[in-house]
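Peer 1: Here's a structure for you.
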Amino acid sequence: MERFNYDLAPLDDASTQIRLISLSPSPSWSAPLQCRITTASLHPPSQPFKALSYVWTTRNLPRDTTYPLQILTQTDSPSPTHHLPITISLEAALRSLRHPSSITVLWIDQISINQSSIPEKTLQVSLMGKIYASATQVLVWLGHAADGSDLIMDFFAETGAEARAWGMEGYYTRERSSLLTGMVHNISSSPAEDETTTTLELQKILIRAAERSAPLLRAGFFRSWFRRAWFSRVWVVQEFALCADTVFVCGTKEVDVDLVKMAVQVLQFASASFRRDEFACLRPPGVTLVRHQEVNDEPSARLFSVRARRQNYVLKKPGSEGDKLHVLLRKLFVGRDTEATEHRDRVFGLLGLAVDAEELGVRVDYTPGAEATARVLTDVARAMILKGGRVDVLCYAQFPKLSERQVGVLPSWVPDWRSGLSPSYYTITETVDPHLYAASGEGSVVEGVDPPDGKKGDVLGLRGYVVDTIEQLVEDAWTNMLWDHVRYLRYFTQFEALYQASLEKTHPIHSRERKEESRWRVPIGDVYWSAALGSRRATTEAAIEHTRCVDNVNEFHAVMLLEGEELERRESAWQERYHARLIGADYRESMTIMKGKRPFSTKEGYLGMGPAEAEVGDAVVIFCGGRVPFVLRPRDGGCENMFAFVGEAYCDGVMDGEMLERGKKQPFFLQ
1 MERFNYDLAP
11 LDDASTQIRL
21 ISLSPSPSWS
31 APLQCRITTA
41 SLHPPSQPFK
51 ALSYVWTTRN
61 LPRDTTYPLQ
71 ILTQTDSPSP
81 THHLPITISL
91 EAALRSLRHP
101 SSITVLWIDQ
111 ISINQSSIPE
121 KTLQVSLMGK
131 IYASATQVLV
141 WLGHAADGSD
151 LIMDFFAETG
161 AEARAWGMEG
171 YYTRERSSLL
181 TGMVHNISSS
191 PAEDETTTTL
201 ELQKILIRAA
211 ERSAPLLRAG
221 FFRSWFRRAW
231 FSRVWVVQEF
241 ALCADTVFVC
251 GTKEVDVDLV
261 KMAVQVLQFA
271 SASFRRDEFA
281 CLRPPGVTLV
291 RHQEVNDEPS
301 ARLFSVRARR
311 QNYVLKKPGS
321 EGDKLHVLLR
331 KLFVGRDTEA
341 TEHRDRVFGL
351 LGLAVDAEEL
361 GVRVDYTPGA
371 EATARVLTDV
381 ARAMILKGGR
391 VDVLCYAQFP
401 KLSERQVGVL
411 PSWVPDWRSG
421 LSPSYYTITE
431 TVDPHLYAAS
441 GEGSVVEGVD
451 PPDGKKGDVL
461 GLRGYVVDTI
471 EQLVEDAWTN
481 MLWDHVRYLR
491 YFTQFEALYQ
501 ASLEKTHPIH
511 SRERKEESRW
521 RVPIGDVYWS
531 AALGSRRATT
541 EAAIEHTRCV
551 DNVNEFHAVM
561 LLEGEELERR
571 ESAWQERYHA
581 RLIGADYRES
591 MTIMKGKRPF
601 STKEGYLGMG
611 PAEAEVGDAV
621 VIFCGGRVPF
631 VLRPRDGGCE
641 NMFAFVGEAY
651 CDGVMDGEML
661 ERGKKQPFFL
671 Q
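So this is what it looks like as structure tokens:
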């Protein structure tokens, strides 16, 4: 049997046509897999088809482990049957999806695209967003049944259907979401007899979900289901979000993804209520806190968030703007483990979802080599900053970057979009929350500058303002924000020395009173968080909590050195303050946004928090259109104002546009 040649099913125009797979039926699981490959127009679709979302291979099998798929060609062909190697994971999917008596028409990237043709692959990958949006249904193949997956799928189907019948989807709007939150709060904390009829109906659904899920949680089945490889791949995001009719398929079970969304949310609501007697089946030690944490940290939330925004955008619902590329990149790679075999697919896999993809002008390019990857990442970063006006993209140009073997040599200002990037200390939901900072002034926009001749490829030119030069840094960067009284004592002691030294500076950057406020504003970036009100610009409440927090650290340290009756007395007093919430816990929580930062002072006496990699002599600057300052390192690049990018910063006293009056706008060139 000859290997299938794609010339037998040519695409006359790879930018408008696709190949479809007609999977032959069979009632036998073990019967050979056979299909026909035909071409079809995509604009509009000339034939209804379903699209498959899956992973090419599993963690325990190499990518080149294959199974021969039989391709039936025209009867007048010298060899009417050909074979095409497919991965074992795809073979399993096709056997599960094969109908016993009728043909199934599918689009599957591994078969539909000639993977050995870079020109074709480039054009077809550019179409993938339209392909999945045009499919009559998207089938998300998660793999064979295992680890209680049949029970999990049944739970999702039953609980999701109950939630839908109750009307949960009607609360998925900006106006009504708070009503659902309020009902859940009542269920988790209030006596049942005080609740409304609607709330009581929801409570019954939660109780039934708790009873169904308790044995599954104890067995770790939810964890196993969400740890399937599909949830960690970047390509699945647009595949999951673009088609209104999308289903999870696991083994022989199939469930509408929107039912899964509601069922997971119901389970999370029930988990939050386990202290109520009605939910006693979810209490430790039967269901451990680790199991509850697994439910609340499950990976599907970001997928459902992207899907909801995309579907609302397609339906043109009021206020539905869709996601821009920088938002999608942040959702997937900041604090998340999202993988792609080809690194540049971290960008290409999102273009079908990004509502600004055309405006940015990003083009799919599979030219081989790490340097081609570097060029793609550089072009994308430049487009998002200059065309998209997103200076904050620089916040994710973090160090150390991936190796040259993986992404080539990246300019210092270009993010590599690896998994697990650190979040910016300034992250808000712009569609809902007002901005807290305006370092370059409200209404300021990005101002690009053409780099010097011969420097255009890797250099980014921006206009902005120099704040000052870093003169002193504390010894320890705040790399670990977990509670340890010795660690926090060191952080506060080092910062206090820096603060006291800054008071000696006589430059008129602040009034004396305002300068003293930097003692409690800087460690939290002037943003105070509390359980009651969330994050907001710091007020004198933060000053009080700062004092309590510092006093608590000192007291805790002192108590740890005591023994006997004095230890018992001081411990008892500390416990009283703890239960009265007088230990500055919210202030310490507010400090965690500065993880990875290092306190600094400048020549003129500014105090701030900069990247751990900052050095004495680095410049603190504000770019036009930027909300926060950045740290740059002067570099001899053969022209004036050439810098290496170091990282984002907080600088007290310049976060609200003050430099527009104090400074002079100038160009900066980043290499």
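Residue 1 is where the sequence shown starts when you use full-length UniProt numbering, and the numbers rise one by one after that.
We treat Cβ as the ideally placed atom computed from N, Cα and C, and that holds for glycine.
Note that the structure is predicted; figures quoted are calculated from it, not measured.
Just the C-alpha distance for Leu20 and Pro10, rounded to the nearest angstrom, thanks.
Peer 2: Each residue's Cα considered, the two are about 12 Å apart.
Peer 1: Can you give me the C-alpha to C-alpha distance between Leu462 and Phe623, rounded to a whole angstrom?
Peer 2: Looking at the two C-alpha atoms, the distance is approximately 7 Å.
Peer 1: Might you give, ordered along the chain, the residues of its own chain that have their beta carbon closer than 6 Å to the beta carbon of Asp194, omitting 5 neighbours on each side?
Peer 2: At Asp194 the pLDDT is 49, less than 50, meaning the model places this residue with poor confidence; the figure from the coordinates comes in the next sentence. So the list is empty, once near-sequence residues are dropped.
Peer 1: Is Asp194 helix, strand or coil when you go by DSSP?
Peer 2: Here Asp194 scores only 49 on pLDDT, less than 50, and its place in the model is too uncertain to base an answer on.
Peer 1: Examine the Cβ distances between the region 407 to 427 and the region 582 to 589 and report whether three or more of them are shorter than 8 Å.
Peer 2: Taking a cut-off of 8 Å on C-beta distances, the region 407 to 427 does not touch the region 582 to 589, as fewer than three cross pairs fall below it.
Peer 1: Are the beta-carbon atoms of Gly608 and Val620 separated by less than 8 Å?
Peer 2: yes
Peer 1: Leaving out five residues on either side along the sequence, give the residues of the same chain with a beta carbon under 8 Å from the beta carbon of Arg233.
Peer 2: Val55, Thr338, Glu339, Ala340
Peer 1: Are the CB atoms of Gly160 and Val290 nearer to each other than 8 Å?
Peer 2: Not closer than 8 Å, so no.
Peer 1: Quick check on Ala192: buried or exposed, where buried means 16 or more other Cβ atoms within 10 Å of its Cβ?
Peer 2: Because the pLDDT of Ala192 is 47, which lies under 50, any placement of that residue in the model is unreliable, and the number read from its coordinates should be weighed accordingly. It counts as exposed.
Peer 1: Confirm, please, whether the CB-CB distance from Ala241 to Arg310 is below 8 Å.
Peer 2: By the CB criterion at 8 Å, Arg310 and Ala241 fall inside the cutoff.
Peer 1: In three-state DSSP terms, what is Asp13?
Peer 2: coil
Peer 1: Enumerate, from N- to C-terminal direction, the unbroken beta strand (DSSP E) stretches of 3 or more residues contained entirely within the region 527 to 582.
Peer 2: 527 to 530, 534 to 537
Peer 1: Can you give me the C-alpha to C-alpha distance between Tyr488 and Val553, rounded to a whole angstrom?
Peer 2: Looking at the two C-alpha atoms, the distance is approximately 7 Å.
Peer 1: With DSSP as the reference, label Gly663 as helix, strand or coil.
Peer 2: coil
Peer 1: Of all the alpha helix (DSSP H) runs that stay within the bounds of the region 122 to 193, which reach a length of 4 or more residues?
Peer 2: 149 to 166, 177 to 189
Peer 1: Express the C-alpha separation of Ala40 and Glu2 in angstroms, rounding to a whole number.
Peer 2: 24 Å
Peer 1: Is the beta carbon of Gly441 closer than 8 Å to that of Leu386?
Peer 2: no
Peer 1: Here's a check: name, in chain order, each residue in its chain whose Cβ is nearer than 8 Å to the Cβ of Val616, leaving out the five neighbours to either side.
Peer 2: Ile470, Glu471, Gln472, Leu473
Peer 1: Excluding five sequence neighbours on each side, which residues of the same chain lie with their C-beta closer than 6 Å to the C-beta of Leu660?
Peer 2: Gly441
Peer 1: Hey, how far is the Cα of Leu410 from the Cα of Gln575?
Peer 2: 52 Å
Peer 1: Check this for me: beta carbons of Phe49 and Thr136, under 8 Å apart or not?
Peer 2: yes
Peer 1: What's the gap between the Cα of Glu321 and the Cα of Phe348?
Peer 2: 21 Å
Peer 1: Rounded C-beta distance between Gln110 and Thr81? I'm assuming under 8 Å.
Peer 2: Not a contact, Cβ separation roughly 19 Å.
Peer 1: Decide if Leu432 is buried, meaning its Cβ has at least 16 other Cβ atoms within 10 Å, or exposed.
Peer 2: Checking the sequence, you will find Val at residue 432 rather than Leu. Answer is exposed; the Cβ neighbour count stays below 16.
Peer 1: Pull up the DSSP beta-bridge partners for Gln34, would you.
Peer 2: Gln70
Peer 1: Hey, Ala649 and Pro611 are a contact pair by Cβ (cut 8 Å); roughly how many whole angstroms apart?
Peer 2: Going by Cβ atoms, the distance from Ala649 to Pro611 rounds to 7 Å, so yes, they are a contact pair.
Peer 1: Taking the beta strand (DSSP E) that Tyr465 belongs to, which residues open and close that run?
Peer 2: For Tyr465, the uninterrupted beta strand (DSSP E) segment begins and ends at 460 to 473.
Peer 1: Starting from the Cα of Leu123, find the closest Cα among Pro634, Glu404, Thr367, Gly388 and give me that residue.
Peer 2: Thr367
Peer 1: Nearest-angstrom Cα distance between Phe269 and Asn114?
Peer 2: 46 Å
Peer 1: Across which residues does DSSP place Met642 in a beta bridge pair?
Peer 2: Phe669
Peer 1: Have a look at His185 and Glu201 and give me their C-alpha separation to the nearest angstrom.
Peer 2: In this structure, the straight-line span from the alpha carbon of His185 to that of Glu201 is close to 14 Å.
Peer 1: Is DSSP giving Glu430 helix, strand or coil here?
Peer 2: Coil.
Peer 1: Enumerate in chain order the residues of its own chain whose CB-to-CB distance from Ala133 is below 7 Å, with the five nearest sequence positions on each side excluded.
Peer 2: Leu242, Cys243
Peer 1: Taking the beta carbon of Ala280 as the centre, do at least 16 other beta carbons fall within 10 Å, making it buried, or is it exposed?
Peer 2: Exposed: under 16 other Cβ atoms inside 10 Å.
Peer 1: What is the DSSP secondary structure of Trp107, counted as helix, strand or coil?
Peer 2: Secondary structure at Trp107: strand, using DSSP grouped into helix, strand and coil.
Peer 1: Just the C-alpha distance for Thr75 and Pro32, rounded to the nearest angstrom, thanks.
Peer 2: Reliability of the predicted coordinates at Thr75 is poor, the pLDDT of 49 falling under 50, and the value obtained from them is presented with this limitation in mind. The straight-line gap from Cα to Cα measures roughly 19 Å.
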